[in-house]
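Just so you know, we're using full-length UniProt numbering here: the sequence shown kicks off at 1 and counts up by one.
The beta-carbon is built from N, C-alpha and C at its ideal position, and this holds for glycine as well.
Data first, discussion second: the structure below is written as structure tokens.
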Amino acid sequence: IEKLKQQLAETKEKAKEEREKLEQKYTVQIRELEGQFNQKAKEIGTIQTELRTIKQFQKRKIQVEKELEDLKENLRNSEKKHQETLRRLEGRFFEEKHRLEQEAEKRIVTLAERAHHEALVPSTQTNVDIGDLTWEQKEKVLRLLFA
């Protein structure tokens, strides 16, 4: 019986030692796994932060692209209005130019007729035939008439 008690005590002691070794082994494994878990949790947190940043970037990118398209559309509309205004102003310019040219031609004809008529009317001065005058002389006559 003593021998059995001693064997039982030894077995209990060995079992206790084995249990303590296993506890230490599993405690070390648990700490390692907790460290790995914490590392993975940090990595996941970093990935989630990056994912949020990417999603925000994608939203901003869509907004910026929309703003760019709006700006392009506004620019096209402004360019179209500018071209229409330019065509309208050019049209007015050429109409006014044509009107002024016609008015100038009428006035020149009127002045030439008047100068011719005055040249034919006897005066105290010597009569001069308009046809014999040079262009420069005709210009001088016209300037004198309208001065």
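(Q) Using 8 angstroms for Cβ pairs, my map puts LEU142 next to LEU111. What's the rounded Cβ distance? (A) The count along the sequence shown starts at 1 and reaches residue 142 at position 142. The count along the sequence shown starts at 1 and reaches residue 111 at position 111. With 8 angstroms as the limit, LEU142 and LEU111 qualify as a contact, their Cβ atoms being about 5 angstroms apart.
Q) Quick one: Cα of ILE62 to Cα of ILE54, how far? A) The residue given as residue 62 occupies position 62 in the sequence shown. The residue given as residue 54 occupies position 54 in the sequence shown. So the two alpha carbons sit approximately 12 angstroms from each other.
(Q) Measuring straight from C-alpha to C-alpha, what distance separates GLN83 and GLU96? (A) Taking the first residue of the sequence shown as position 1, residue 83 is located at position 83. Taking the first residue of the sequence shown as position 1, residue 96 is located at position 96. Answer to the nearest angstrom: the Cα atoms are 20 angstroms apart.
Q) Mapping DSSP to helix, strand and coil, what is ILE54? A) The residue labelled residue 54 in the question sits at position 54 within the sequence shown. Reduced to three states, the DSSP call for ILE54 is helix.
Q. Can you tell which of THR11, LYS138, ALA15 has the C-alpha that lies nearest to the C-alpha of ARG114?
A. Walking along the sequence shown from the start, residue 114 turns up at place 114. Out of THR11, LYS138, ALA15, LYS138 has the C-alpha closest to the C-alpha of ARG114.
**Q.** Delimiting residues of the alpha helix (DSSP H) encompassing LEU133
**A.** Within the sequence shown, the letter at position 133 stands for residue 133. Where LEU133 is concerned, there is no enclosing alpha helix (DSSP H), given that its DSSP letter is neither H nor E.
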